[in-house]
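Using the numbering used here, the letters of the sequence shown map in sequence onto residues 38 to 171.
Don't be surprised by glycine CBs; every beta carbon is placed ideally from N, CA and C.
To start, the structure under review is shown below, and the notes come after it.
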Amino acid sequence: MAHVAEVEVAKNGAVRVRRVTCAVDCGSVVNPDTVRAQLQSAVIFGITAALYGEITLKDGKVEQTNFDSYQVLRIDEAPAAIDVHLVQNTEAPGGIGEPGTSAIVPAVANAIFAATGKRLRKMPIDTKALARPS
């Protein structure tokens, strides 16, 4: 699994993921459309984690109890393109789920570094740390 992210960082530090390219080798692909859809949704969920996925505690308990109190990437914030490339081979079919989510977070962090020179060491992304003086 490999992801490359193209990001835009605004002066105020806001991050926008413009495009993602994925390559995956999951063995013989039985249904390519299902694999593409799985990776596209995994990318969206992973970007959500990178941008908004803060889990906060109050009195020793997690404050976010369900998706009504957890910000999710909205359609107008989603990348304009998520390109998925499937490696063709004759290996036995494998699973495809979580790898797409975990691989996008470092891809976004590396794209931010390439754009700003600032290396992020924790998530979610701290937009204040990325803001540039006016």
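Boundaries (first-last residue) of the alpha helix (DSSP H) holding residue i
i, result
"leucine 123", "Leucine 123 -> not in any alpha helix (DSSP H); beta strand (DSSP E) instead, spanning 118-123."
"glutamate 128", "Careful: glutamate 128 lies outside any alpha helix (DSSP H) and carries neither H nor E."
"valine 142", "135-153"
"leucine 110", "It is not in any alpha helix (DSSP H) - leucine 110 carries neither H nor E in the DSSP assignment."
"threonine 164", "164-167"
Residue i (DSSP reduced to helix, strand or coil)
i, result
"arginine 56", "strand"
"lysine 95", "strand"
"valine 80", "helix"
"valine 72", "helix"
Continuous beta strand (DSSP E) stretch holding residue i: start and end
i, result
"glutamate 45", "39-46"
Residue burial classification, residue i (beta-carbon count within 10 angstroms, cutoff 16)
i, result
"histidine 122", "exposed"
"leucine 167", "buried"
"leucine 110", "buried"
"alanine 129", "exposed"
"arginine 169", "exposed"
"leucine 94", "exposed"
"proline 136", "buried"
"threonine 71", "exposed"
"proline 69", "exposed"
"alanine 86", "buried"
"glutamine 125", "exposed"
"arginine 55", "exposed"
Among the options, nearest to residue i - alpha-carbon criterion
i, options, result
"isoleucine 112", "Glu135, Thr102, Arg53, Arg156", "Arg53"
"valine 145", "Arg73, Lys95, Arg158", "Arg158"
"lysine 173", "Pro161, Thr153, Ile162", "Here the chain covers residues 38 to 171 and nothing more, so residue 173 does not appear."
"methionine 160", "Val67, Gln75, Ile141, Glu91", "Glu91"
"serine 139", "Ala118, Gly83, Pro130", "Gly83"
"glutamine 172", "Tyr89, Ala148, Pro170", "No information on residue 172 is available, as it lies outside the stretch 38 to 171 that the chain covers here."
"serine 171", "His40, Pro143, Gly50", "Gly50"
"glutamate 43", "Pro143, Gly134, Lys165", "Pro143"
Distance between beta carbons of residue j and residue i, contact taken as under 8 Å
i, j, result
"glutamine 77", "isoleucine 119", "5 Å"
"isoleucine 133", "cysteine 59", "Not a contact, Cβ separation roughly 11 Å."
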